[in-house]
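Residue numbers (my numbering), protein chains in the order written: chain A, 160 to 290; chain B, 160 to 290.
Structure, as structure tokens:
Protein chains: 2
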Amino acid sequence: MALRAIGRVESPLRDKADAPRQGDEGAPDAWLVFEPGVAAGLRDLVPGTPMLVFTWLDRADRDVLVTHPRDDLSRPPTGVFSTRSPDRPNPIGLHLVDVLEIDGLRVRVRNLEALDGTPVVDLKPVLGPER
Amino acid sequence: MALRAIGRVESPLRDKADAPRQGDEGAPDAWLVFEPGVAAGLRDLVPGTPMLVFTWLDRADRDVLVTHPRDDLSRPPTGVFSTRSPDRPNPIGLHLVDVLEIDGLRVRVRNLEALDGTPVVDLKPVLGPER
């Protein structure tokens, strides 16, 4: 079960302290920069459509099973599978973005809260044919 | 970027020919059977809530970049990132399910179209705190 990076995130977000917790809390536009080897898979992307971007949150702590609220101490610790915390056994990031622009292997998106350099591992339509 | 199985799908769906293309096209109820090592992460699951299950579609073909419609030859081949085909470079399955019942490490869900034995790699709320 080895993931391969199919691309990388290019973003002004450089470290965790910069990152908003949800994409719609003010993430700047970012680029997905794909590997040449997957170009054929990109050919039907359409600007203006929502897509799901899957990333590998490579700066996450994979040993966390119970998370502690970052800034609200009145909230109790929570089992990690009931949160969207990046710190979890398999730190797969799931991001609902809007595709803004496609320029060859570069795809500009809105609402991606991933850090610069984060590996991209998949891209799927929100709903589409499974075949 | 090595995924670890945190559990397995237990389902009457045994092979690809049985599987509906979307969970809401008649997938039977299934169980997620988690590893003892991740038990603490499950403790806040609540029956009746929708959840996102991430699987590793271990019977997929990872070399596919362009898919051909399975049963509608009038549709053109499509770049795989514009489809939900399991055959793709990183065959991560994303399934929107309803949690029906929790019995220790076993979680019964509705609308999971994954095959019996499929590795489970993550479980997230549809929307929740990222912390």
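No residue lacks a Cβ here, since even glycine has one placed at the ideal position from N, Cα and C.
If you check each beta-carbon in the region 264-284 of chain A against every beta-carbon of chain B, the ones closer than 7 Å belong to P278, V280, D281, L282, K283 and P284. Distances from the CA of L224 of chain B to each of A:M160, A:A161 and A:D281 were compared; the closest alpha carbon is that of A:D281.
Distance from the CA of E272 of chain B to the CA of D222 of chain A, rounded to the nearest whole angstrom, comes to 29 Å. Considering only beta carbons, the part of the region 214-228 of chain A lying closer than 9 Å to chain B consists of W215, D217, R221, V223, L224, V225, T226, H227 and P228, in chain order. A straight line joining the alpha-carbon of S244 of chain A with that of R202 of chain A spans about 32 Å. In chain order, P209 and R269 place their CB closer than 6 Å to the CB of D257 of chain A, counting only its own chain and leaving out the 5 sequence neighbours on each side. With its beta carbon at least 7 Å from every one in chain A, P187 of chain B lies outside the interface. For F193 of chain A, DSSP records a beta bridge to A:G166.
Distance from the CA atom of V192 of chain A to the CA atom of D262 of chain B, rounded to whole angstroms, is 43 Å. Counted as a single uninterrupted DSSP element, the stretch harbouring D217 of chain B is not any beta strand (DSSP E), since DSSP gives it neither H nor E. Where R267 of chain B is concerned, the enclosing beta strand (DSSP E) starts and stops at R265 to R269.
Between V239 of chain A and the set B:R163, B:A199 and B:L211, the nearest pair of CA atoms involves B:A199.
For G196 of chain B and L232 of chain A, the gap between their C-alpha atoms comes out near 27 Å.
Listed in chain order, the non-local C-beta contacts of L162 of chain B below 7 Å within the same chain comprise W215 and V280, local neighbours out to five positions each way being set aside. When the Cα atoms are used, P236 of chain B and E169 of chain B turn out to be separated by approximately 33 Å. Ranked by Cα distance from L255 of chain B, the options B:P248, B:M160, B:L286 and B:R218 are led by B:L286.
Under the criterion of beta carbons closer than 8 Å, D246 of chain B and T226 of chain B qualify as touching, at roughly 7 Å.
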